[in-house]
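Since the structure comes first, as structure tokens, the remarks are kept for the end.
2 protein chains.
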Amino acid sequence: MATLGTVVLTDHPWPDVSVERQLIESAGYQLIAGPVIAGSAEQTEKLIAQHNPIAIMTCWASVTARAIAAPERLRIVARMGVGLDNIDVPATTARGAWVTNVPDYCVEEVSDHVLALLLCAWRGVTTLDRQAKQGLWQPAAAPVLRRAATQCVGVIGYGHIGKRTAHKLSRGFGCRVLVHSPSLVATHADLTPLSEQVFAVSLATLQREADAIVLNLPLTPASHHLVNADFLQACAPRRPWLVNVSRGGLVDSAALIEALDRGWLSGAALDVIESEPSPPIELLQREDLIITPHIAYSSDASLLELRQRVSEEVVRVLRNEQPLHPCNSI
Amino acid sequence: MATLGTVVLTDHPWPDVSVERQLIESAGYQLIAGPVIAGSAEQTEKLIAQHNPIAIMTCWASVTARAIAAPERLRIVARMGVGLDNIDVPATTARGAWVTNVPDYCVEEVSDHVLALLLCAWRGVTTLDRQAKQGLWQPAAAPVLRRAATQCVGVIGYGHIGKRTAHKLSRGFGCRVLVHSPSLVATHADLTPLSEQVFAVSLATLQREADAIVLNLPLTPASHHLVNADFLQACAPRRPWLVNVSRGGLVDSAALIEALDRGWLSGAALDVIESEPSPPIELLQREDLIITPHIAYSSDASLLELRQRVSEEVVRVLRNEQPLHPCNSI
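For the protein sequence lines, the chains are A and B, in the order given.
Under the numbering used here, the first residue of the first sequence carries the number 828, and numbering increases by one thereafter.
Under the numbering used here, the first residue of the second sequence carries the number 828, and numbering increases by one thereafter.
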């Protein structure tokens, strides 16, 4: 059957593509789905060159300048998520195609996941459940547990997700929350109250006072390895927990391991690791890490919403309408 | 050294007794500490008979009528916690001794722990972290994850802890909360709003509508095996999670296992099990259970507070003052 063109979905970390196929094909286009786990940049370039798509939908695969250069008439690269670090945005803009994302996507899920990881750390759940699975019931061997209301949490990044995380911590649990972001620092003196129990602070104040530090910011050249040896040493006197639900590249893994070995951190809870999807096994197996495999964005509700909204955005652009969430100007 | 009398601490699920010893001995009494893990009822009876105490402090050990009958001049049995199900209160009252507890103790900790267990269930943290410890990074194999704001939570019991749990769920996460307690049912029609997103309901409504059911009530003859086969079958259409942070005896373990095997529940998260401290290993090792060893009450803050407050209550009674938190009338 002749179609109006081909849409390539580079990767889809969910088992089937029925939602995407239904929306794309009923608009008259053909959907070509890549693997569940994103291939390498080269594999993705090859997939795109082979199918000559009019639109690219991507979850985690690297969409390089080379991938973007290949199709004859590319109209849109649609990110199935928030961050754009896997897409060469300038190259896409240069050839006159839209880049879109879903900026208000998975705000509840990621902020829920931060709370899940923090409470797991404070209440010892993963450690104690692991002991139970070994047949042990040893309350006296439990780690030191914490009352959430006594904990001061530093949140770095104050977009949709950072704000909702601060809300859940302060309003739900009575935590003191110290927020740091470049835009807040420019306009707010250190310790300016933002809402009840939530304060804008300098990075130095956050490092000095936080019992847990949560990363809720995008990965950019400026934020790459924000958490390095210097950052971690500055936190050491308070031995915080570190929580990363944003992008692995924000944290220098080697520096993290050294900080754990030196006792600079109480532990870390990571949904993202810079070497994913194949993190070193010695990192996965550390008992002072809580690890989930980049699923903070996911829920039954969020996934369906994401898949529908991105498919509709692609169809919208292919019908020559404006995208709802453009990330570039063309 | 001669003392004014002996205080027996039947068990102490923390490593040392320095806090208790300092307060009791500086008041002129001798402290005799039993084991970390509570002994059997017979062992506790023997400990008490041997030391002829003027006061008994107890955490989890059974303090039976026989134990209470042994000392020559017993003035107080002080529970180090909230529930009184391990103390024969009528026998203590009959011999003219006080029973005391710490009614407002660990409200934050237990309600934090409920949220930790629920979020662990909804966000798959224990399951996914266990996979990581096996060296696996498999996002596509994750269980179905949930957005907290889409979940309806039934809370059974509406004392200090039940109220704080409902607050954290509704105000923090936007969950709909259905509360059931005998006293509420007597005075509130089904689905009467109590606060924003919190409603008083009948047990049948809770069983029909809740995606998770949290037990926040004391163990009494009336509540023993509240969660039995009939209870669980009534919940089956919705396949809820079950969370028990109160007392193991509220749940019939055999019925729970059968309900899990039949798929009536999505899973259960238990801080208490009726056969603790030696629950069957096949229960501890089930992958559809999240288990912590009766530590929901614990934190660095709460433990210190508890140990100080109970020691001070004992000294207060031994000085012929009224206890702050009497649970009987003598």
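Note that the Cβ used here is the ideal one computed from N, Cα and C, for glycine as well.
Note that the structure is predicted; figures quoted are calculated from it, not measured.
When the Cα atoms are used, what is the spatial distance from residue i to residue j?
i, j, result
"residue 1095 of chain A", "residue 1081 of chain B", "37 Å"
"residue 982 of chain A", "residue 909 of chain A", "18 Å"
"residue 1039 of chain A", "residue 976 of chain B", "24 Å"
"residue 934 of chain B", "residue 949 of chain B", "23 Å"
"residue 890 of chain B", "residue 1086 of chain A", "47 Å"
"residue 830 of chain B", "residue 899 of chain B", "16 Å"
"residue 1120 of chain A", "residue 1147 of chain A", "37 Å"
"residue 1000 of chain A", "residue 995 of chain B", "7 Å"
"residue 881 of chain A", "residue 919 of chain A", "13 Å"
"residue 973 of chain B", "residue 941 of chain A", "14 Å"
"residue 931 of chain B", "residue 886 of chain A", "49 Å"
"residue 929 of chain B", "residue 1021 of chain B", "26 Å"
"residue 971 of chain B", "residue 1126 of chain A", "7 Å"
"residue 1130 of chain A", "residue 1156 of chain A", "27 Å"
"residue 952 of chain B", "residue 1114 of chain A", "14 Å"
"residue 842 of chain B", "residue 1045 of chain B", "27 Å"
"residue 960 of chain B", "residue 1027 of chain B", "42 Å"
"residue 1076 of chain B", "residue 1151 of chain A", "55 Å"
"residue 1073 of chain B", "residue 913 of chain A", "47 Å"
"residue 860 of chain B", "residue 1103 of chain B", "21 Å"
"residue 1049 of chain A", "residue 1018 of chain A", "24 Å"
"residue 1009 of chain A", "residue 878 of chain A", "42 Å"
"residue 847 of chain B", "residue 1128 of chain B", "15 Å"
"residue 998 of chain B", "residue 1124 of chain A", "22 Å"
"residue 1090 of chain A", "residue 1112 of chain A", "17 Å"
Quick test of your reading: residue i and residue j, contact by CB under 8 Å. State the CB separation rounded to the nearest angstrom.
i, j, result
"residue 962 of chain B", "residue 1117 of chain A", "At roughly 15 Å, the Cβ-Cβ gap does not stay under 8 Å, so residue 962 of chain B and residue 1117 of chain A are not in contact."
"residue 924 of chain A", "residue 904 of chain A", "6 Å"
"residue 1079 of chain B", "residue 1054 of chain B", "7 Å"
"residue 944 of chain B", "residue 1025 of chain B", "That pair is no contact at about 19 Å."
"residue 874 of chain A", "residue 835 of chain A", "6 Å"
"residue 1144 of chain A", "residue 902 of chain A", "6 Å"
"residue 916 of chain A", "residue 1154 of chain A", "7 Å"
"residue 1100 of chain B", "residue 1092 of chain B", "At roughly 15 Å, the Cβ-Cβ gap does not stay under 8 Å, so residue 1100 of chain B and residue 1092 of chain B are not in contact."
"residue 1106 of chain B", "residue 964 of chain A", "6 Å"
"residue 888 of chain A", "residue 837 of chain A", "4 Å"
"residue 966 of chain B", "residue 1122 of chain A", "5 Å"
"residue 1007 of chain B", "residue 1033 of chain B", "5 Å"
"residue 907 of chain B", "residue 1083 of chain B", "Not really, about 28 Å apart at Cβ, beyond 8 Å."
"residue 957 of chain A", "residue 1035 of chain B", "Between residue 1035 of chain B and residue 957 of chain A the Cβ distance is about 35 Å, and since that is not below 8 Å, they are no contact."
Apart from the five residues on each side of it in sequence, which residues of its chain come closer than 7 Å, Cβ to Cβ, to residue i?
i, result
"residue 955 of chain B", "969"
"residue 992 of chain B", "938, 941, 982, 1041, 1043"
"residue 894 of chain A", "871, 872, 875"
"residue 1139 of chain A", "850"
"residue 985 of chain A", "1006, 1008, 1011"
"residue 1030 of chain A", "1007"
Under 8 Å Cβ to Cβ from residue i, same chain only, skipping five residues before and after it: list those, please.
i, result
"residue 1037 of chain A", "979, 980, 981, 1005, 1062, 1065, 1067"
"residue 857 of chain A", "830, 832, 833, 834, 851"
"residue 1002 of chain B", "975, 976, 978, 979, 980, 996, 1024"
"residue 947 of chain B", "953, 1096, 1117"
"residue 1135 of chain B", "846, 850"
"residue 863 of chain A", "838, 839, 840, 841, 842"
With a CB to CB cut of under 6 Å and the five nearest residues on each side skipped, what residues in its chain are close to residue i?
i, result
"residue 1052 of chain A", "1079"
"residue 854 of chain A", "1142"
"residue 1098 of chain A", "1072, 1119, 1121, 1123"
"residue 1056 of chain A", "1082"
Spell out whether any CB of chain D is found under 7 Å from the CB atom of residue i.
i, result
"residue 1101 of chain A", "No chain D is part of this structure, whose protein chains are labelled A and B."
Give, in chain order, every residue of the segment 957-973 of chain B whose Cβ lies closer than 9 Å to some Cβ of chain A. From the segment 957-973 of chain B, only 957, 958, 959, 960, 961, 962, 963, 964, 965, 966, 967, 968, 969, 971, 972, 973 have a Cβ closer than 9 Å to chain A.
Whole alpha helix (DSSP H) runs in the segment 973-1044 of chain B with 4 or more residues, listed along the chain? Runs of the alpha helix (DSSP H) inside the segment 973-1044 of chain B: 987-994, 1009-1014, 1030-1036.
Which residues, in order along the segment 876-896 of chain A, keep a beta-carbon less than 7 Å from a beta-carbon of chain B? Taking 7 Å as the Cβ-Cβ cut-off against chain B, none of the residues of the segment 876-896 of chain A qualify.
Return the residues of the segment 939-958 of chain B that lie within a Cβ-Cβ distance of less than 8 Å from chain A, sorted by chain order. Going along the segment 939-958 of chain B in chain order, one finds 939, 940, 942, 943, 944, 946, 947, 949, 950, 951, 952, 953, 955, 956, 957, 958 with a Cβ nearer than 8 Å to chain A.
Using a Cβ-Cβ cut-off of less than 7 Å, give me the residues of the segment 897-922 of chain B that come near chain A, in sequence order. Cβ contacts with chain A: none found.
Select from the segment 1068-1095 of chain B all residues with a C-beta closer than 8 Å to any C-beta belonging to chain A, and list them in chain order. For the segment 1068-1095 of chain B, which is checked against every Cβ of chain A, not one residue is closer than 8 Å.
Between the segment 985-1003 of chain A and chain B, which residues of the former have a C-beta closer than 7 Å to a C-beta of the latter? Listed by position, the residues of the segment 985-1003 of chain A near chain B (Cβ gap below 7 Å) are 995, 998, 999, 1000.
Select from the segment 1119-1143 of chain A all residues with a C-beta closer than 7 Å to any C-beta belonging to chain B, and list them in chain order. So the close ones are 1119, 1120, 1121, 1122, 1125, 1126, 1127, 1128, 1129.
Pull out every residue of the segment 859-870 of chain A whose Cβ sits closer than 8 Å to any Cβ of chain B, in chain order. Those would be 863, 864, in chain order.
Below 8 Å between beta carbons is the criterion; list the residues of the segment 835-853 of chain B that meet it against any residue of chain A, in chain order. Of all residues in the segment 835-853 of chain B, 840, 841, 842 have a Cβ within less than 8 Å of some Cβ in chain A.
Within the segment 878-932 of chain A, ranges of the alpha helix (DSSP H) (whole runs, at least 4 residues): Every alpha helix (DSSP H) of 4 residues or more that sits fully in the segment 878-932 of chain A is shown, in chain order, as 892-896, 916-921.
Can you check the segment 1043-1121 of chain A for any alpha helix (DSSP H) of at least 4 residues that lies completely inside it and give the ranges in chain order? Fully enclosed alpha helix (DSSP H) runs of 4 or longer: 1056-1062, 1080-1089, 1108-1111.
Below 9 Å between beta carbons is the criterion; list the residues of the segment 1010-1028 of chain B that meet it against any residue of chain A, in chain order. Answer in chain order: no residues at all.
Between the segment 1034-1049 of chain B and chain A, which residues of the former have CB atoms less than 8 Å from a CB of the latter, in chain order? Flagged: no residues at all.
Beta strand (DSSP E) segments (min. 3 residues) lying fully within the segment 838-882 of chain A: With a minimum length of 3 residues, the continuous beta strand (DSSP E) runs that stay inside the segment 838-882 of chain A are 857-860.
Name the residues in the segment 1055-1068 of chain A whose C-beta lies less than 8 Å from a C-beta of chain B; which are they? If the cut-off is 8 Å between Cβ atoms, the segment 1055-1068 of chain A has nothing near chain B.
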